[in-house]
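Each remark here refers to the structure printed beneath this line.
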Amino acid sequence: MANSEYLVQVEHLKEYFSVRSGFGKSIPLKAVDDVSFSIRPGETLGLVGESGCGKTTVGRTLLQLYKPTGGRITFDGDVLYDSGEQYDENGRLKVDANGKPVLGKKVSVNMLPYRKQMQMVFQDPYSSLNPRMTVEDIIGEPLDVHKLCKNSKERRDRVMELMELVGLNAEHAMRYPHEFSGGQRQRIGIARALAVNPKFIVCDEPVSALDVSIQAQVVNMFEDLQEKLGVAYLFIAHDLLVVHHISDRIAVMYLGKMMELADSDELNDNPIHPYTQSLLSAVPIPDPETARNSKRIVLEGDVPSPLHMPSGCPFRTRCRYATEQCAQEMPPLKDRGNGHYVACWNK
Amino acid sequence: MSKKHDSDYISAKKSRQISRFNRKLTKKLEKERNDASKDPALYTTTMKDPGNVVEFDNVCTYFFTDIGTVKAVDGVTFNVPKRATVGVVGESGCGKSVTSLSLMQLLQRPTGQTVGGEIRFNIGDGKALNIVKAPTAKMQEIRGNRVSMIFQEPMTSLNPVFRIGQQVNEVLELHHPEMSEEEVKARTLEMLELVGIANKEGVYNMYPHELSGGMRQRVMIAMALACEPDILIADEPTTALDVTIQAQILELMQDLQKKLGMAIIIVTHDLGVIASMCDEIIVMYGGRVCERGTADDIFYRPAHEYTKGLLRSIPSTQNMNERLIPIGGTPINMLDLPKGCAFCPRCDSAMKICLREQPVEMEISDTHHASCWMNVKNAKEGK
Ligand SMILES: Nc1ncnc2c1ncn2[C@@H]1O[C@H](COP(=O)(O)OP(=O)(O)OP(=O)(O)O)[C@@H](O)[C@H]1O
Ligand SMILES: Nc1ncnc2c1ncn2[C@@H]1O[C@H](COP(=O)(O)OP(=O)(O)OP(=O)(O)O)[C@@H](O)[C@H]1O
Ligand code: SF4
Ligand SMILES: [Mg+2]
Ligand SMILES: [Mg+2]
Chain P
83 MANSEYLVQV
93 EHLKEYFSVR
103 SGFGKSIPLK
113 AVDDVSFSIR
123 PGETLGLVGE
133 SGCGKTTVGR
143 TLLQLYKPTG
153 GRITFDGDVL
163 YDSGEQYDEN
173 GRLKVDANGK
183 PVLGKKVSVN
193 MLPYRKQMQM
203 VFQDPYSSLN
213 PRMTVEDIIG
223 EPLDVHKLCK
233 NSKERRDRVM
243 ELMELVGLNA
253 EHAMRYPHEF
263 SGGQRQRIGI
273 ARALAVNPKF
283 IVCDEPVSAL
293 DVSIQAQVVN
303 MFEDLQEKLG
313 VAYLFIAHDL
323 LVVHHISDRI
333 AVMYLGKMME
343 LADSDELNDN
353 PIHPYTQSLL
363 SAVPIPDPET
373 ARNSKRIVLE
383 GDVPSPLHMP
393 SGCPFRTRCR
403 YATEQCAQEM
413 PPLKDRGNGH
423 YVACWNK
Chain U
36 MSKKHDSDYI
46 SAKKSRQISR
56 FNRKLTKKLE
66 KERNDASKDP
76 ALYTTTMKDP
86 GNVVEFDNVC
96 TYFFTDIGTV
106 KAVDGVTFNV
116 PKRATVGVVG
126 ESGCGKSVTS
136 LSLMQLLQRP
146 TGQTVGGEIR
156 FNIGDGKALN
166 IVKAPTAKMQ
176 EIRGNRVSMI
186 FQEPMTSLNP
196 VFRIGQQVNE
206 VLELHHPEMS
216 EEEVKARTLE
226 MLELVGIANK
236 EGVYNMYPHE
246 LSGGMRQRVM
256 IAMALACEPD
266 ILIADEPTTA
276 LDVTIQAQIL
286 ELMQDLQKKL
296 GMAIIIVTHD
306 LGVIASMCDE
316 IIVMYGGRVC
326 ERGTADDIFY
336 RPAHEYTKGL
346 LRSIPSTQNM
356 NERLIPIGGT
366 PINMLDLPKG
376 CAFCPRCDSA
386 MKICLREQPV
396 EMEISDTHHA
406 SCWMNVKNAK
416 EGK
């Protein structure tokens, strides 16, 4: 099943956290529930959705910083994790006569050799860097962990090279993180992620904490690095305009489920899922003329708590098109042509 | 980098000197402000235009800190017409919040003081209350009553140990002692309904932590509008919320504005929110207004180099496939403002005069004003 066209393949990924309910009992919080997507080498897949919908958890589980609850993760042709669960062509879990899942072979590999190729950049440039380490040591640390440099001179040269790559001045090497602005700190985090020559980086809201004028610098840098080094990104953000600008394809999540996945321009011009439609119409466009002419689809109500997930499609409580069927079963994510995937019974 | 930052590090002796000086100065200012018996003639004046709710006139608000004076707001002038929505935008730290806190007089005192200019608040018959000079007691009368504010993080302004109903009641009780207990409760429930809370009786008895972020912001709006203020200040009212909830809140604010006929000042760094909400936009940089005009003036005919840079740097539907063009340089250090134009160190069009002199505000059209020497140059050259 491993398809060599893709660098990263995620199938039916699940991540359930157990949280304590009021009565001392543990109940599962389905942070990510049956999510599938793939990323080509050198491609950027944007991941959007409301706060708490599971974006960060997807990124972390994909890198196995959290142990997955179920699903399969393939990287560069190697299966990194497989819970053994089997699915039919409609995306339904295969079960035996007793309702127990039919299990195939389980896989769980040692991630250390893969850590070099899969990296992560974090949201907060202020707290994700060790304040007591110099910039040189922060960027050099992964080089030491993976023993990539023979001597200190080689290490130093590599750090300089990386700093130059992300647009930091080599003179800054001996400084500490607090001496830098938000945009510069984000560059340090990125240089560190790039140190081990990864093929794939999970970028978790890398520009959300930055001022607009600095955001543009960082977005440009991500694009330049991709052109130069051919890295693929999973780019998580809640600013849809930034995501549209940087991504080749965009995936939309709602309450732990994948709702729609399509080419960026296609998703923006022709959103099919009712949630994506309201999400896009809610984005305030920085242009008065467009703002005057556009009609917002204002959603009723709040996002339900992930602990009291509605049955069937999680969006049905706020959806204008919801029918009986939506309460019964979660719609499968189906290709509507041209790789435009939608999970909705009625659209 | 370190050279520039050296100005932040000063010797202990120097710091003590500054702090002694600050204490003397702020003590004097505080005494003046707390003088309840002050002659009303000292803080009553006339509106320039009775069609405005508020007129900011050369307002200066400084923070007297131990490492020096932060001129957070330094000569800000703009008007808020009745029933209008005015947006304030600009980089983080440019003085947006301090401008709105000056109007509320909710500055962190005694460090923060409005030291100059006038803030005229329309009290009818063309008369105005000068908020800069008004004593604390006078401010308490109008704050929350005729001027209200909602903040970015509703959790910090709602008291976690009191029920929602009690907190809204309290605002009404404070400003309308003549209302009976039943009247207050009825009004509170009416307000909760007005801001779109379906389960108003239930929410009345809930604590803040039992509500979602969007619901809390609705409660904040209900509290702010309970006394039907003349002006509502919303400082980043939706920054902590998701886009779909943000859309609900913005819609609600516009809706209530029509119903209650108040003016709104909305402070945000989100140009999308500004474009879709505002009649008039104030662009700030380094504690000053660098450009003001209608939404069309600012977005289609920007006349200050900072505004132009800001518009180029945001992703929009027009530049999806192009590279973004960031504003170069580093954000301004408010302790060490340049002598000339504050934007000069980052400006690609900067000329000699920009280094030397603060640009004067030029009228581009009836509605549009900008403080950038480029306009003077262009005017001279007949462009
Ligand atoms: N370690 C954890 N233990 C228990 N619950 C968790 C944990 N991490 C996340 N969650 C829960 O899982 C859900 C998804 O969280 P996640 O952080 O992935 O959301 P997100 O989409 O990244 O949100 P945001 O946009 O706010 O960053 C949330 O309901 C969150 O409370
Ligand atoms: N209590 C204070 N003491 C000292 N300086 C202060 C204080 N409050 C604000 N300042 C300074 O005043 C300047 C203006 O701050 P303000 O909060 O108005 O910025 P802002 O434009 O609202 O920024 P943001 O978009 O980040 O909210 C900043 O440089 C800030 O450091
Ligand atoms: S006044 Fe000069 S430095 Fe300031 S923005 Fe205009 S051109 Fe640039
Ligand atoms: Mg997250
Ligand atoms: Mg602010």
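For the record, the sequence lines run as chains P and U.
Mind the numbering: the first sequence is residues 83 to 429 in the numbering used here, read in order.
Mind the numbering: the second sequence is residues 36 to 418 in the numbering used here, read in order.
Every residue gets a Cβ at the ideal spot worked out from N, C-alpha and C, and that includes glycine.
Within the stretch 364-386 of chain P, the residues whose Cβ lies closer than 9 Å to some Cβ of chain U are Ala364, Val365, Pro366, Ile367, Pro368, Asp369, Pro370, Glu371, Thr372, Ala373, Arg374, Ser376, Arg378, Ile379, Val380, Leu381, Glu382, Gly383, Asp384, Val385, listed in chain order.
Shown here, Ala221(U) sits in a helix according to DSSP, grouped into three states. If you compare the alpha carbons of Thr120(U), Ser127(U), Gly363(U) with that of Val300(P), the shortest gap goes to Gly363(U).
Taking all protein chains shown into account, Pro350(U) has 16 or more neighbouring C-beta atoms within 10 Å of its C-beta and is therefore buried. Classified as exposed, Lys377(P) has fewer than 16 neighbouring CB atoms from the shown chains inside 10 Å of its CB. Taking 3 residues as the shortest admissible run, the stretch 164-246 of chain P contains the following complete beta strand (DSSP E) segments, listed from N- to C-terminal end: 200-203. Inter-segment contact for the stretch 250-261 of chain U and the stretch 115-134 of chain U is absent: fewer than three beta-carbon pairs are separated by less than 8 Å. Its Cα nearest to that of Leu185(P), the residue Gly152(P) stands out among Gly152(P), Phe282(P), Phe397(P).
Take the alpha-carbon of Ile121(P) and the one of Leu89(P): they are about 6 Å apart. Within its own chain, the residues whose Cβ lies closer than 8 Å to the Cβ of Cys129(U), once the five positions on either side in sequence are excluded, are Met319, Tyr320, Gly321, Gly322, Ile367, listed in chain order. With a minimum length of 3 residues, the unbroken runs of beta strand (DSSP E) contained wholly in the stretch 310-385 of chain P fall at 314-318, 331-336, 339-345. It is roughly 17 Å from the alpha-carbon of Asp305(U) to the alpha-carbon of Glu326(U).
Interface annotation for the stretch 269-301 of chain P against chain U: Asp293, Val294, Ser295, Ile296, Gln297, Ala298, Gln299, Val301, criterion Cβ-Cβ distance under 8 Å.
The beta carbon of Thr138(P) sits closer than 7 Å to at least one heavy atom of ligand 4. Between the C-alpha atoms of Val203(P) and Ser348(U) there is a straight-line separation of about 22 Å. By the criterion of a C-beta distance shorter than 6 Å, Leu349(P) is surrounded in its chain by Ile332, once the five residues flanking it on both sides are discounted.
For chain P, the residues of the stretch 295-325 of chain U that bring a beta carbon within less than 9 Å of one of its beta carbons are His304, Asp305, Leu306, Gly307, Val308, Ile309, Ala310, Ser311, Met312, Cys313, in chain order. Residues of the stretch 325-337 of chain P with a C-beta atom less than 8 Å from some C-beta of chain U are His326, His327, listed in chain order.
Inter-residue distance for Phe99(P) and Ala113(P) is about 7 Å (C-alpha atoms, whole angstroms). Burial is judged here by how many other beta carbons sit within 10 angstroms of a residue's own beta carbon; Gly159(P) has fewer than 16 and is exposed. Ile266(U) sits close to Val89(U), with the two beta carbons spaced by under 8 Å. Looking at the DSSP output, Phe56(U) bridges to nothing. His94(P) is not bridged by DSSP to any residue.
Taken through DSSP and simplified to helix, strand or coil, Ser295(P) comes out as helix.
Straight across, the Cα-Cα distance linking Met397(U) with Lys73(U) is about 38 Å. Uninterrupted alpha helix (DSSP H) stretches at least 4 residues long and entirely within the stretch 267-324 of chain U occur at 278-295, 306-312, given in chain order.
Of the candidates Ser192(U), Pro75(U), Thr134(U), Asp101(U), Thr134(U) places its Cα closest to the Cα of Val94(U). Gly271(P) and Ala298(P) have their alpha carbons spaced roughly 17 Å apart. When secondary structure is reduced to three states using DSSP, Ile232(U) falls in the coil class, being assigned neither helix nor strand. Within its own chain, the residues whose Cβ lies closer than 6 Å to the Cβ of Val177(P), once the five positions on either side in sequence are excluded, are Pro183, listed in chain order. Around the CB of Arg274(P), 16 or more other CB atoms lie within 10 Å, so the residue is classed as buried.
Between Ala319(P) and Gly128(P), the CB-CB gap stays under 8 Å.
Taking C-alpha positions only, Arg68(U) is separated from Gly248(U) by approximately 36 Å.
Put simply, the backbone Cα of Thr61(U) is about 30 Å away from that of Thr303(U).
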